[in-house]
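Enquirer: Going by the working numbering, the sequence shown opens with residue 3, and the numbers climb by one from there.
No residue lacks a Cβ here, since even glycine has one placed at the ideal position from N, Cα and C.
Just so we're clear, the structure is a prediction, and the values are computed from it rather than from any experiment.
Mind having a look at this structure? Questions to follow.
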Amino acid sequence: MPTSGDGSAALPHVVLLPSAGMGHLVPFSRLAVALTSGHGCDVSVATVLPTVSSAESAHLEALFAACPAVRRLDFHLAQFDASEFPGADPFFLRFEAMRRSAPLFGPLLAGAHALVTDIALASVVIPVAKELRLPCYVLFTASAAMLSLCVHFPAYLDASAGGPVGDVDVPGVYRVPKASIPQALHDPKHLFTRQFIANGRELARSDGLLVNSFDALEPEAIAALQNGSVVAGFPPVFSVGPLAPVSLSAGEPAKSQSDYMRWLEAQPARSVVYVSFGSRKAISKDQLRELAAGLEASGHRFLWVVKSTVLDRDDDADLGELLGEGFLERVQGRGVVTKGWVEQEEVLKQESVGLFVSHCGWNSVTEAAASGLPVLAWPRFGDQRVNAGVVARSGLGLWVDSWSWEGEEGLVKGEEIAEKVRAVMADETARKKAAGVRDAAAKAVADSGTSYQNLAQFVQRCRDGSVTKYCYQHGTSLSPSTCTAMVDVLLPRVV
Numbered sequence: 003m004p005t006s007g008d009g010s011a012a013l014p015h016v017v018l019l020p021s022a023g024m025g026h027l028v029p030f031s032r033l034a035v036a037l038t039s040g041h042g043c044d045v046s047v048a049t050v051l052p053t054v055s056s057a058e059s060a061h062l063e064a065l066f067a068a069c070p071a072v073r074r075l076d077f078h079l080a081q082f083d084a085s086e087f088p089g090a091d092p093f094f095l096r097f098e099a100m101r102r103s104a105p106l107f108g109p110l111l112a113g114a115h116a117l118v119t120d121i122a123l124a125s126v127v128i129p130v131a132k133e134l135r136l137p138c139y140v141l142f143t144a145s146a147a148m149l150s151l152c153v154h155f156p157a158y159l160d161a162s163a164g165g166p167v168g169d170v171d172v173p174g175v176y177r178v179p180k181a182s183i184p185q186a187l188h189d190p191k192h193l194f195t196r197q198f199i200a201n202g203r204e205l206a207r208s209d210g211l212l213v214n215s216f217d218a219l220e221p222e223a224i225a226a227l228q229n230g231s232v233v234a235g236f237p238p239v240f241s242v243g244p245l246a247p248v249s250l251s252a253g254e255p256a257k258s259q260s261d262y263m264r265w266l267e268a269q270p271a272r273s274v275v276y277v278s279f280g281s282r283k284a285i286s287k288d289q290l291r292e293l294a295a296g297l298e299a300s301g302h303r304f305l306w307v308v309k310s311t312v313l314d315r316d317d318d319a320d321l322g323e324l325l326g327e328g329f330l331e332r333v334q335g336r337g338v339v340t341k342g343w344v345e346q347e348e349v350l351k352q353e354s355v356g357l358f359v360s361h362c363g364w365n366s367v368t369e370a371a372a373s374g375l376p377v378l379a380w381p382r383f384g385d386q387r388v389n390a391g392v393v394a395r396s397g398l399g400l401w402v403d404s405w406s407w408e409g410e411e412g413l414v415k416g417e418e419i420a421e422k423v424r425a426v427m428a429d430e431t432a433r434k435k436a437a438g439v440r441d442a443a444a445k446a447v448a449d450s451g452t453s454y455q456n457l458a459q460f461v462q463r464c465r466d467g468s469v470t471k472y473c474y475q476h477g478t479s480l481s482p483s484t485c486t487a488m489v490d491v492l493l494p495r496v497v
């Protein structure tokens with residue numbers, strides 16, 4: 003049997019392959035730490051350089067500095083001519099560049115017992131893993147509801163015979179209305195649409211999927227995926243969320259506490275509205291000013307993270323000019339506005355924060371669920387309306403589904419924003435429901451909880467795979483049943 007340096011049985015080596023964007027990178031980082039610290043795996047993370055955003059670069063550097071047990075595998079992409087897709091989103095372009103470089107991933111996987119790849123790369127990475135006889139799993143970085151749509155969407159298109167996309171009835175789950183379908187999927191020629199369909203068709207050939215959700219948050223979608231209602235004979239689906247945030251401060255010089263955190267700690271309990279629309283999309287100048295007017299008129303304290311460009315490296319706009327003359331002066335002391343990176347999970351833990359106005363990126367939803375903080379959902383792009391539906395169904399918060407998102411005409415006026423903020427801040431029932439979601443999340447990730455046990459089952463599969471691979475490489479005369487039996491004798495069980 004292979005052994006570690008001290009002569010003990012080798013840990014299963016799992017390689018993680020994320021794609022681009024913080025929404026994809028953050029859950030992979032959390033999974034990496036969960037596997038090394040809580041489940042006895044040897045983990046490597048493949049990093050593609052240069053990153054698309056400065057936030058990704060900083061996050062990766064902090065991860066490897068704080069978590070030396072997680073190894074780094076740098077990967078350099080093949081040349082890619084982005085002019086083939088004029089005007090395309092830079093993150094979608096990076097997905098495509100990585101997809102076209104997939105045949106070159108093989109050397110990074112030497113010595114691995116299992117691969118976990120990103121959903122954005124699934125259709126090109128799964129075949130590579132199959133050629134290497136390497137078990138390949140997919141980490142789906144959005145909701146289980148969105149996973150069910152991804153799995154079913156190719157069959158929906160086949161049945162529609164090229165017609166326009168309308169409401170989509172996902173078997174065993176629920177109807178996803180046309181207005182909630184990601185904008186790009188209404189255009190069959192869109193780069194993302196082609197990637198999405200290819201990935202959805204290939205998922206059935208994976209060895210399993212991990213989703214950063216938990217059974218009590220999305221009972222219908224998770225059950226339908228696991229019992230084959232969405233697609234018969236679908237691979238195992240492991241609900242392993244909410245993946246815990248990771249402290250990335252270890253190994254860094256001591257830093258003074260951020261100004262916004264000092265301000266939050268000085269505010270009364272449940273008095274602050276936290277506003278953030280994530281790292282992927284900018285909001286128009288006109289809508290930013292309406293939001294500013296709404297926060298001012300609400301009468302509540304607020305912490306607002308402003309994003310005015312798609313890429314953080316390009317964001318040099320002046321806040322005063324963006325938000326309107328005199329706004330920053332009028333709210334001084336009552337509101338804090340920043341364009342810098344905010345440690346969101348730390349913000350959500352603060353007793354002073356009483357409401358999260360969110361775009362409903364999935365990382366934000368799971369962090370709010372773990373904190374028990376009510377959400378006022380304002381989806382802007384992509385999967386976020388599907389996620390906002392999860393927020394509303396689960397009791398985590400409120401979704402005003404008439405509010406516009408990217409590509410739709412009309413502005414959400416400041417008066418309406420102020421009214422909704424005041425209503426949710428005063429809603430004690432909403433607060434109690436969100437606290438119930440928090441309690442369910444804590445139960446799921448406890449040692450006896452469903453998410454902890456599901457991750458343990460995934461790790462056991464990786465352990466079994468490490469023995470099977472050793473038998474294949476060093477003793478092909480051994481039968482598969484003998485190899486499997488060796489697991490009980492030579493590798494300790496995790497559950």
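With a CB to CB cut of under 7 angstroms and the five nearest residues on each side skipped, what residues in its chain are close to serine 453?
Expert: Sequence index remark: in the sequence shown, residue 453 carries index 451 (1-based). These residues qualify, in order along the chain: Phe216, Ser241, Val242, Gly243, Ala446 and Val447.
Enquirer: Compute the Euclidean distance between the alpha carbons of leucine 95 and proline 52, then round it to the nearest angstrom.
Expert: Within the sequence shown, the letter at position 93 stands for residue 95. Within the sequence shown, the letter at position 50 stands for residue 52. Distance between the alpha carbons of leucine 95 and proline 52: 13 angstroms.
Enquirer: With a cut-off of 8 angstroms on the beta carbons, I'd call valine 275 and serine 300 a contact; round off their distance for me.
Expert: Counted from its first residue, the sequence shown places residue 275 at position 273. Counted from its first residue, the sequence shown places residue 300 at position 298. Correct: roughly 7 angstroms between the Cβ atoms.
Enquirer: Using C-beta distances below 8 angstroms, list every residue in its chain close to serine 59, excluding the 5 sequence neighbours before and after it, in chain order.
Expert: Looking up residue 59 in the sequence shown gives position 57. The answer, listed in chain order, is Pro52 and Thr53.
Enquirer: Report yes or no: is there a C-beta of chain D within less than 9 angstroms of the C-beta of alanine 64?
Expert: You won't find chain D in this structure, because it holds only one protein chain.
Enquirer: According to DSSP, which residues form a beta bridge with histidine 15?
Expert: Here residue 15 is taken as the residue at index 13 of the sequence shown, counted from 1. Per DSSP, Asp44.
Enquirer: Cutting at 7 angstroms between CB atoms, please list the residues of its own chain near leucine 79, excluding the five before and the five after it.
Expert: Against the sequence shown, residue 79 aligns to sequence position 77. Here the set comprises Val50, Ala99, Met100 and Ser103.
Enquirer: Considering only DSSP beta bridges, list what tryptophan 343 is partnered with.
Expert: Counted from its first residue, the sequence shown places residue 343 at position 341. Paired residues: none, contrary to the question.
Enquirer: Within the same chain, show all residues whose beta-carbon is closer than 7 angstroms to that of leucine 111, passing over the 5 residues directly before and after it, in chain order.
Expert: Within the sequence shown, numbered from 1, the residue matching residue 111 stands at position 109. Answer for leucine 111: Val17, Leu117, Leu134 and Leu136, listed in chain order.
Enquirer: Judging by CA-CA distance, which residue of Tyr139, Gly409 and Ala114 is the nearest neighbour of serine 125?
Expert: Taking the first residue of the sequence shown as 1, we reach residue 125 at position 123. Nearest of Tyr139, Gly409 and Ala114 to serine 125, Cα basis: Tyr139.
Enquirer: Give the DSSP-derived three-state secondary structure of alanine 252 in the structure shown.
Expert: By 1-based counting over the sequence shown, the position of residue 252 is 250. The pLDDT assigned to alanine 252 is 41, lower than 50, so where the model puts this residue is not dependable, and the model offers no usable value.
Enquirer: What's the gap between the Cα of proline 255 and the Cα of aspartate 120?
Expert: For the purposes of this step, residue 255 is taken as the residue at position 253 of the sequence shown. For the purposes of this step, residue 120 is taken as the residue at position 118 of the sequence shown. Caution is warranted here: a pLDDT of 38 is assigned to proline 255, below 50, making its placement in the model unreliable, and the coordinate value is therefore given only provisionally. Roughly 32 angstroms between the two C-alpha positions.
Enquirer: State buried or exposed for aspartate 44, treating a residue as buried only when at least 16 other CB atoms are found within 10 Å of its CB.
Expert: In the sequence shown, residue 44 corresponds to position 42, counting from 1. Buried.
Enquirer: For the putative contact between serine 273 and histidine 302, defined by C-beta atoms under 8 angstroms, what is the C-beta separation to the nearest angstrom?
Expert: Residue mapping note: residue 273 aligns to position 271 of the sequence shown, counting from 1. Residue mapping note: residue 302 aligns to position 300 of the sequence shown, counting from 1. Their Cβ separation, rounded to whole angstroms, is 7 angstroms, which keeps serine 273 and histidine 302 in contact under 8 angstroms.
Enquirer: According to the neighbour-count rule (16 or more other Cβ atoms, all chains shown, within 10 Å of its Cβ), is glutamine 352 buried or exposed?
Expert: For this step, residue 352 is matched to residue 350 along the sequence shown. Looking at its Cβ environment, which holds 16 or more other Cβ atoms inside 10 Å, glutamine 352 is buried.
Enquirer: Between which two residues does the beta strand (DSSP E) holding threonine 143 run?
Expert: Position 141 of the sequence shown holds residue 143. That residue, threonine 143, is in no beta strand (DSSP E); it is neither H nor E in DSSP.
Enquirer: Does serine 360 come out as helix, strand or coil in the three-state DSSP assignment?
Expert: For the purposes of this step, residue 360 is taken as residue 358 along the sequence shown, with counting starting at 1. Residue state, collapsed to three classes: strand.
Enquirer: State yes or no: is the C-beta of leucine 134 nearer than 8 angstroms to some heavy atom of the ligand FMN?
Expert: Of the ligands one can find in the structure shown there are none, so the ligand FMN has no counterpart to examine.
Enquirer: Scan the segment 101–175 and note each continuous beta strand (DSSP E) run of 3 residues or more that stays entirely inside, going in chain order.
Expert: Runs of the beta strand (DSSP E) inside the segment 101–175: 116–120 and 138–142.
Enquirer: Three or more beta-carbon pairs under 8 angstroms between the segment 434–446 and the segment 321–328, yes or no?
Expert: Result no; under three Cβ-Cβ pairs closer than 8 angstroms.
Enquirer: Please classify serine 366 as buried or exposed, where buried requires at least 16 other C-beta atoms within 10 Å of its C-beta.
Expert: Within the sequence shown, residue 366 is the residue found at index 364, counting from 1. Under this definition serine 366 is a buried residue.
Enquirer: Within a Cβ cutoff of 7 angstroms, which residues of the same chain sit near tyrosine 176, ignoring the five residues on either side of it in sequence?
Expert: For the purposes of this step, residue 176 is taken as the residue at position 174 of the sequence shown. Excluding positions up to five away in sequence, the list reads Glu222.
Enquirer: Anyone know if the C-beta pair for leucine 357 and methionine 427 falls short of 9 angstroms?
Expert: As a first step, residue 357 must be located in the sequence shown, where it is residue number 355. As a first step, residue 427 must be located in the sequence shown, where it is residue number 425. In this structure, methionine 427 lies closer than 9 angstroms to leucine 357 by Cβ.
Enquirer: Using the Cβ count rule (16 or more neighbours within 10 Å means buried), how would you classify glutamate 298?
Expert: Within the sequence shown, the letter at position 296 stands for residue 298. Answer is buried; the Cβ neighbour count reaches 16.
Enquirer: What did DSSP end up calling valine 178 once you bin it into helix, strand or coil?
Expert: Counting from 1 along the sequence shown, the entry for residue 178 is found at position 176. Strand.
Enquirer: Can you tell me whether DSSP reads phenylalanine 240 as helix, strand or coil?
Expert: As a first step, residue 240 is located in the sequence shown; it is residue number 238 there, counting from the start. In this structure, phenylalanine 240 counts as strand in the three-state DSSP scheme.
Enquirer: Might you give, ordered along the chain, the residues of its own chain that have their beta carbon closer than 7 angstroms to the beta carbon of serine 396, omitting 5 neighbours on each side?
Expert: In the sequence shown, residue 396 corresponds to position 394, counting from 1. These residues qualify, in order along the chain: Leu219 and Val439.
Enquirer: Rounding to the nearest angstrom, what Cα-Cα distance links serine 182 and proline 381 in this structure?
Expert: Start at 1 with the first residue of the sequence shown, and residue 182 comes out as number 180. Start at 1 with the first residue of the sequence shown, and residue 381 comes out as number 379. Answer to the nearest angstrom: the Cα atoms are 9 angstroms apart.
Enquirer: Would the beta-carbon of valine 377 fall within 9 angstroms of that of glycine 399?
Expert: Translated into positions along the sequence shown, residue 377 becomes position 375. Translated into positions along the sequence shown, residue 399 becomes position 397. Going by C-beta atoms, valine 377 is nearer than 9 angstroms to glycine 399.
Enquirer: Give a yes or no on whether the C-beta atoms belonging to proline 238 and leucine 211 are separated by under 9 angstroms.
Expert: Translated into positions along the sequence shown, residue 238 becomes position 236. Translated into positions along the sequence shown, residue 211 becomes position 209. Yes, they are a contact pair.
Enquirer: What's the call for leucine 250, buried or exposed, on a 16-neighbour Cβ count within 10 Å?
Expert: As a first step, residue 250 must be located in the sequence shown, where it is residue number 248. Leucine 250 comes out buried.
Enquirer: From this set, Trp405, Lys435 and Glu410, which residue's C-alpha is nearest glutamate 417's C-alpha?
Expert: For the purposes of this step, residue 417 is identified with residue 415 of the sequence shown, where counting begins at 1. Of the candidates Trp405, Lys435 and Glu410, the one whose C-alpha sits nearest the C-alpha of glutamate 417 is Trp405.
Enquirer: According to DSSP, what are the bridge partners of serine 278?
Expert: Counting from 1 along the sequence shown, the entry for residue 278 is found at position 276. According to DSSP, which records beta bridges pairwise, serine 278 is partnered with Val307 and Ser360.
Enquirer: Throw me the rounded Cβ distance for the asparagine 456 and methionine 148 pair, which I believe falls under 8 angstroms.
Expert: Looking up residue 456 in the sequence shown gives position 454. Looking up residue 148 in the sequence shown gives position 146. The pair is not a contact, with the Cβ atoms about 18 angstroms apart (cut-off 8 angstroms).
Enquirer: Determine the burial state of leucine 106: buried for a count of at least 16 other Cβ atoms within 10 Å of its Cβ, exposed for fewer.
Expert: Here residue 106 corresponds to residue number 104 of the sequence shown, with the count starting at 1. Exposed: under 16 other Cβ atoms inside 10 Å.
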